[in-house]
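For reference, the structure discussed in these notes is given below.
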Amino acid sequence: MSTEYWFNVRTGQVEEGAQSSWSQLLGPYPTREAASEALKRVQENNEAWDEETEERKKR
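Per my numbering, the sequence shown runs over residues 2 to 60.
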């Protein structure tokens with residue numbers, strides 16, 4: 002089994018394997034680097050969804 006990495010939103014740290022409560026984790030990610038960018042991806046997705054919502058409102 003390959004190692005999974007998780008981003009802990011409470012501590013801001015990457016965990017190797019899920020060590021904390023699931024309510025505090027984003028993941029799993031295949032690499033430490035991908036997990037460390039989790040919040041950036043969440044923010045980018047939220048911005049894209051907000052833009053999509055605004056476009057739908059204009060129709």
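Glycine included, each C-beta is placed from N, C-alpha and C at the ideal position. What you are looking at is a predicted structure, and each value in this text was computed from that prediction instead of being measured.
Residue state for Glu16 is assigned as strand, using DSSP reduced to three classes.
Boundaries of the beta strand (DSSP E) around Trp7: 6-9. Per the C-alpha coordinates, the member of Leu27, Thr12, Lys59 positioned closest to Gln44 is Leu27. Our two residues, Ser37 and Thr4, have alpha carbons roughly 15 Å apart in a direct line.
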